[in-house]
Every structure is written in structure tokens, then in C-alpha cells.
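Residue numbers (this note's numbering): 317 to 503. Glycine included, every Cβ here is placed at the ideal spot set by N, Cα and C. On a predicted model such as this, the values are computed, not experimentally measured, just so you know.
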């Protein structure tokens, strides 16, 4: 197993667990909002982002080697999309929480009861988990991009179609690099 496989597994595991938590919290919020007859944009965005993450990240993690979902190209593109979704979810929850706190006043959630208290207490968790998932995916994607750039400069061929968990990012491929140099100087 390459040195990047374990951090990849840890990041993907954390992102999936946090997405499950956001899905549960957002589903509870949606059920309360449905009882009250109100709709908040965060409901759909949070549910969709969590579901996309829960369905796709484990599929990328446990797909067989050589399959398209495990390629570096697919991972960078899809994780960049998830990165944007999680940032949008976090921004929407921050915006809604700020509006909620303005309406509740200086006492905050302390004066609320029942469903209103549940909503007031759950939003910081949705907001925080969304920001954490955004940061985890962002740092992983940036690190993967840096390692790919380094691997390409060290002479590894086909870095975009390689498996993200099995690619030897830290080793040099001098023979491929020398062959590439020889073919470019012979022209």
C-alpha cells in the first residue's frame, strides 16, 4: 500500500461519518420545518450534499483498482465539486444561523423550547460539520494535486489515470524520465 493510501482512507472515512451526521441533523430540521410549513434553502442543499458524499466517497474508496472512480482525474474533479457543495452548505447554514440569532435576541437559544430549541441547537452542528468536511476535502484535493505535480516532474507517466491510493508519489521514475529526455533531445 502506498504512503498516500492511509491518509486517503482516514479523510474519506471522516468525511463520510460527518456527512451521515449532517444528513441526520438536516433531516430532523426538515421534518420540523415541514410541520411548521416553512422552507429554508439549507434543507435541500444540506440533504443533497450529504447524500452525494455518502454515495460517492465510499464508492471511490472501495472500488477495484484500475476502475474509473479510483483514478486521480476522477477524484480531483469529483472532490472539487463536493468541496463547492460543502462550502455552499456551510455558508447557507451560517447565514440562517445569523438570521435566527438576530430574531431570538441576546438570550439566544435559552428562551426557546420544543422544536424551536432543537433547531437552534442543531444549526451550529450542521454549520461546523459542513465547514470541517469542506476543509478536509479541500486539503486532500490540494495535497493530491501537489503530489501529482511532483510525481509528473519526477518522470512518472500517466499520473492522471493512475489509482489515487496506489500511485507511488514519493519515488522517482528515473528510467521513464531519462527516456522522455532522450526522445525530446533526439528530435
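{"Query": "Specify the secondary structure class of residue 481 as computed by DSSP and reduced to three states.", "Result": "coil"}
{"Query": "Please classify residue 316: is it buried, with 16 or more other beta-carbons within 10 angstroms of its beta-carbon, or exposed?", "Result": "Residue coverage of the chain in this structure runs from 317 to 503, which leaves residue 316 outside it and unanswerable."}
{"Query": "At the level of alpha carbons, what is the spacing between residue 437 and residue 425?", "Result": "7 Å"}
{"Query": "Quick one, which of 441, 363 and 372 has its alpha-carbon nearest residue 577's?", "Result": "Since the first residue of the chain shown is 317 and the last is 503, residue 577 is not available in this structure."}
{"Query": "Buried or exposed: which applies to residue 355, given that a residue is buried once 16 or more other Cβ atoms fall within 10 Å of its Cβ?", "Result": "exposed"}
{"Query": "Give the DSSP-derived three-state secondary structure of residue 387 in the structure shown.", "Result": "strand"}
{"Query": "Among residues of its own chain, excluding the 5 on either side of residue 331, which ones have a beta-carbon nearer than 7 Å to its beta-carbon?", "Result": "369, 373, 449, 452 and 453"}
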